[in-house]
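A.B. asks: First the structure, then my questions, so here it is.
In our numbering, the protein residues as written are 5 to 244.
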């Protein structure tokens, strides 16, 4: 049966929400880990919820909470969070032509609700199915449910605190979420190099204090990807 094309922005929004729903079960424990980590770092419940509301970036939140709990310098905490979030600059640049027709308030909303998952779904739908209308509505339909899931799961983590049994295995939720994002994203030599170099450096430097291995690994991965993408691709044999 041919795929039905959404006739309205509302139907495209619902399409995005429906397709992103498969990731919600993995996002919820991720958000719980963020809430629990914030409480264990010494934040108040209001501060922990504010982190998810105003930052809304799980990886950088976890890095920041880890550093806060280890009494790291404020400058290092900010630098680490910004480094982890550098990928959103690339995401925003890639989606800028898509969002350009929207008014400023909606472009700001789309920037705020951007996540790895929403970007991946929205960009794929826009580039692989350009004939399907209302890609902006689809993107928002994919992104907003993740925001609601993130905030509600953070509250659950705050309420549970450290009372979550180890048998639940919540510590595996974060790496599993990022593995699910990373594997489809590796489509060329540059992204493969960034993933391999960044991960390898972070593992090798795992003994450094204040989780500096993550910061250094991220920087090395970014540099590897940029350097490789800047190199001209080799010409195929027989081509002039």
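We put the beta carbon where it would ideally sit given N, CA and C, even for glycine.
1. Residue 118 by DSSP, collapsed to three states: which one?
2. Quick check on residue 132: buried or exposed, where buried means 16 or more other Cβ atoms within 10 Å of its Cβ?
3. What do you get for residue 230, buried or exposed, if any count of 16 or more other CB atoms within 10 angstroms of its CB means buried?
4. With a threshold of 16 other CB atoms inside 10 Å of the CB of residue 120, please say whether the residue is buried or exposed.
5. By the 10 Å Cβ neighbour count, where 16 or more other Cβ atoms means buried, how is residue 242 classified, buried or exposed?
6. Comparing C-alpha positions only, which one of 159, 83 and 79 sits nearest to residue 33?
7. Tell me which residues share the same chain as residue 61 and place their Cβ nearer than 7 Å to its Cβ, disregarding the 5 neighbours each side in the sequence.
8. From residue 29 to residue 227, what distance separates their C-alpha atoms?
9. Check whether the Cβ atoms of residue 114 and residue 143 sit closer than 8 Å, and answer yes or no.
10. When the distance is taken between beta carbons, is residue 220 closer than 8 Å to residue 209?
11. Return the CA-CA distance between residue 101 and residue 164, expressed in angstroms with no decimal places.
12. Are the Cβ atoms of residue 85 and residue 56 separated by less than 8 Å?
13. Quick check on residue 105: does DSSP put it in helix, strand or coil?
14. Quick check: the Cα distance between residue 16 and residue 148, rounded to an integer number of angstroms?
15. Am I right that residue 46 and residue 73 are in contact with their C-beta atoms under 8 Å? What's the rounded C-beta distance?
16. Taking the straight line between their C-alpha atoms, what separation do you get for residue 204 and residue 107?
17. Counting contacts by CB-CB distance shorter than 8 Å, is residue 146 in contact with chain C?
C.D. replies: Reading it off the structure:
1. coil
2. exposed
3. exposed
4. buried
5. Confidence is the limiting factor: at residue 242 the pLDDT is only 48, short of 50, which leaves the residue's position unreliable, though a coordinate-based value still follows. Exposed: under 16 other Cβ atoms inside 10 Å.
6. 159
7. 89
8. 33 Å
9. yes
10. yes
11. 42 Å
12. no
13. coil
14. 13 Å
15. 7 Å
16. 42 Å
17. Any reference to chain C falls outside this structure, which holds one protein chain only.
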